[in-house]
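Data first, discussion second: the structure below is written as structure tokens.
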Amino acid sequence: MANLLISAFWQQLGSLPQMAADSTSATRKNAKVYVKKMLKYVPIMGWAWVFAEIVFLERKWEQDHLTIASQLDIIAEYPDPIWLLLFCEGTRFTPEKHAASMEVARRKGLPEFKHVLLPRTKGFLFSVEQLRGKLPAIYSCTMAFNRTEGAEPTVMSVLNGKHVVCEVYFERIPLEEVPEDEKQASKWLFDLYAKKDKLLDSYYKTGSFTKTSGYPEMPLSLMKCRIYSLLNIIFWNVLVLIPVFIFVFNIICNASSISIVITISIMILVYLAVNKMIQLTKVSHGSSYGQVTASSQSSKSGSSLPNGQPTEDKKEL
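Take 968 as the starting number for the sequence shown in the numbering used here and just add one per residue.
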């Protein structure tokens, strides 16, 4: 479980399992995540996720709980270990969504957070019950980006070859430590996010997760760049781009005007598709999920909060 605050969060999907203390190569290959359904239509990345059996949700609980149940049954039967990434906040952190979330917290008498949103309990509780006895542990991952030593965490930074530094506070929690009672499990989740908030507050003030948070330091593990990743990128670029360049060159030199126009049109469409994917990674172009008015939230109900009151949304995970 990780806090969701970054523009290009899928850049970290492969990194988090590798950074985990007891992660294996098999676990990295079987990393899954809950994401909104519209992302399956994102060019290249979304299509790849479809074939990777990523769990796509519609944010309508009547349908999503069936999707989660069926997908978790399949995932739990994998012969190799798996890694399932949950973003319990349900959406990326923005000032507007944070303000709306804290308004709910004040109205319901819940603790207010500075750096995370209120976690949504329904999907988490349902997933935990589905996975009891099948997965051994939860990894609580509190993520922050070092903007002093690295660039902004965006797709454009990566495409431009800029160095992005992500620091993560990992904690392994046996799954049996999550209470089976719904109210107690909800309180457990809120307490976990209160801890994340303290860790992040310490990091943003001091550059360390533990200096002022009061939580113990964890063994430091530095994930270095791997030569295999570079070789893999070079291989696929050579395999794909060289034939494309040769094809375009032959079209321009030998083909008719109509063929040239068609080729240029295809290239423009590819450019627009990639540009659309990059735009979707920006927080400013994100969904309005979690950014609803307090009056509309107060009329909804769902899983129990730590104080026994319903969550702010009944139909959404």
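Here a beta-carbon is modelled for each residue, glycine too, at the ideal position from N, C-alpha and C.
{"Query": "Compute the distance between the beta-carbons of C1108 and A1015, then report whether it is under 8 angstroms.", "Result": "no"}
{"Query": "Judging by CA-CA distance, which residue of V1002, E1056, V1215 and K1081 is the nearest neighbour of K1172?", "Result": "K1081"}
{"Query": "Under 8 angstroms Cβ to Cβ from I1218, same chain only, skipping five residues before and after it: list those, please.", "Result": "S1226, I1227 and T1230"}
{"Query": "Can the beta-carbon of Y1332 be found closer than 8 angstroms to that of M1185?", "Result": "The question about residue 1332 has no answer, for the chain in this structure spans 968 to 1284."}
{"Query": "Straight-line CA distance for I1011 to C1055?", "Result": "26 angstroms"}
{"Query": "So, N1113 versus V1132, is the Cβ gap smaller than 8 angstroms?", "Result": "yes"}
{"Query": "Quick one: what's I1291 bridged to in DSSP?", "Result": "This structure cannot settle anything about residue 1291, because the visible part of the chain is limited to 968 through 1284."}
{"Query": "Assuming L1053 and S1068 are in contact, meaning their beta carbons sit under 8 angstroms apart, how far apart are those beta carbons, in whole angstroms?", "Result": "About 17 angstroms; that fails the 8 angstroms criterion."}
{"Query": "Assuming K999 and V1022 make a contact with CB atoms under 8 angstroms, what is their CB distance in whole Å?", "Result": "6 angstroms"}
{"Query": "What does the Cβ neighbour count give for I1235, buried or exposed, with the cut at 16 atoms within 10 Å?", "Result": "exposed"}
{"Query": "What's the call for S1223, buried or exposed, on a 16-neighbour Cβ count within 10 Å?", "Result": "exposed"}
{"Query": "Alpha carbon to alpha carbon, how far is N1221 from E1020? Give it in angstroms, no decimals.", "Result": "43 angstroms"}
{"Query": "Rounded to whole angstroms, what is the Cα-Cα separation between P1183 and T1177?", "Result": "6 angstroms"}
{"Query": "Quick check: what's the CA-CA separation for N1204 versus L1197?", "Result": "11 angstroms"}
{"Query": "Below 8 angstroms on the Cβ atoms is my guess for S1188 versus L1166; work out the distance and round it to an integer in Å.", "Result": "Not really, about 17 angstroms apart at Cβ, beyond 8 angstroms."}
{"Query": "What are the partner residues of V1237, as DSSP defines its beta bridges?", "Result": "Paired residue(s): none; V1237 is not in a bridge."}
{"Query": "S1262: buried (16+ other C-beta within 10 angstroms of its C-beta) or exposed?", "Result": "Any answer about S1262 is weak, because its pLDDT of 42 lies below 50 and its placement is not dependable; what the coordinates show is given next. S1262 is exposed by the Cβ-count criterion."}
{"Query": "Does the distance from the C-beta atom of L1142 to that of P1086 stay below 8 angstroms?", "Result": "no"}
{"Query": "Let me know the secondary structure DSSP gives T991 once reduced to three states.", "Result": "Only weak support is given to the placement of T991: the predicted model assigns it a pLDDT of 47, under 50, and the value that follows is read from those uncertain coordinates. Coil at T991, not helix or strand."}
{"Query": "My output table needs one value for L1159: the three-state DSSP class, helix, strand or coil.", "Result": "helix"}
{"Query": "Would you call V1145 buried or exposed, if buried means 16 or more other Cβ atoms sit within 10 Å of its Cβ?", "Result": "buried"}
{"Query": "Does the Cβ-Cβ distance between K1287 and E1029 come in under 8 angstroms?", "Result": "Since the first residue of the chain shown is 968 and the last is 1284, residue 1287 is not available in this structure."}
{"Query": "Does DSSP put Y1001 in a helix, in a strand, or in coil?", "Result": "strand"}
{"Query": "So, P1048 versus N997, is the Cβ gap smaller than 8 angstroms?", "Result": "yes"}
{"Query": "Could you please give the first and the last residue of the uninterrupted beta strand (DSSP E) stretch that includes L1052?", "Result": "W1050 to L1052"}
{"Query": "Identify, in the order they occur along the chain, each residue of the same chain with its Cβ nearer than 7 angstroms to the Cβ of T1215, setting aside the five sequence neighbours on each side.", "Result": "The sequence given here places Val at residue 1215; Thr does not occur at that position. The residues are T1230."}
{"Query": "Going by DSSP, what residue range makes up the alpha helix (DSSP H) through F1018?", "Result": "M1012 to F1018"}
{"Query": "Give me the residue from A1118, R1139, S1175 and L1092 with the minimum Cα distance to E1147.", "Result": "L1092"}
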